[in-house]
Amino acid sequence: MTDSVDTIYARLKRLSAEANLPGVEESTSYGNPALKVGGKSFVAVKNDETVVLSVSIDDKERLIEMAPDIYYQTDHYVGWPSLPLRAGAISDAELKERLIGAWRFRAPKKLAARFRG
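Be aware that the sequence shown starts at 22, since it is given in the numbering used here, and climbs by one per residue.
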């Protein structure tokens, strides 16, 4: 079963709000629904099955190794700080944790320093 892009985007917005992430802007990234902070995308909905998170290369490798059923990589993302994940395979709790990490990775330093989440 797949969710619609709108349903997945609504989930990302809800979890970001629950995490109390400051400065989140609804936007697009490469034509896809995205959440940004400081003008930088930290998460986007690629399609009705895939979300792409901003993460450091080190975290990306660790997450893929930890949960290959959720996180994966295609040739397009090799060497880039972006990590595709299967939206239907990740729990809200884990997705919220990843959103906080992606937000911290992209947020301006002063804003990130004030966030206590």
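The C-beta atom is built at its ideal place from N, Cα and C for all residues, glycine as well.
Query: Where do the ends of the alpha helix (DSSP H) carrying Ser-37 lie?; Result: 26 to 39
Query: Mind checking whether Thr-71 and Pro-105 have CB atoms under 7 Å apart?; Result: yes
Query: Under three-state DSSP, which class holds Met-22?; Result: With a pLDDT of 45 at Met-22, under the threshold of 50, the predicted position of this residue should be treated as unreliable, though the coordinate-derived value follows. Reduced to three states, the DSSP call for Met-22 is coil.
Query: Kindly indicate which residue of Asp-24, Val-66 and Gly-44 has the alpha-carbon position closest to the one of Tyr-51.; Result: Val-66
Query: Report yes or no: do the segment 87 to 99 and the segment 130 to 137 share at least 3 C-beta pairs separated by less than 8 Å?; Result: no
Query: Give me the Cα-Cα distance between Ala-55 and Ser-25, rounded to the nearest whole angstrom.; Result: 14 Å
Query: In the DSSP assignment, what residue or residues form a beta bridge with Thr-219?; Result: For residue 219 there is no data in the structure shown, the boundaries of the chain being 22 and 138.
Query: At the level of alpha carbons, what is the spacing between Thr-49 and Val-73?; Result: 12 Å
Query: Verify whether the separation of the beta carbon atoms of Leu-42 and Trp-124 is less than 7 Å.; Result: yes
Query: Please state whether DSSP places Phe-126 in a helix, a strand or coil.; Result: helix
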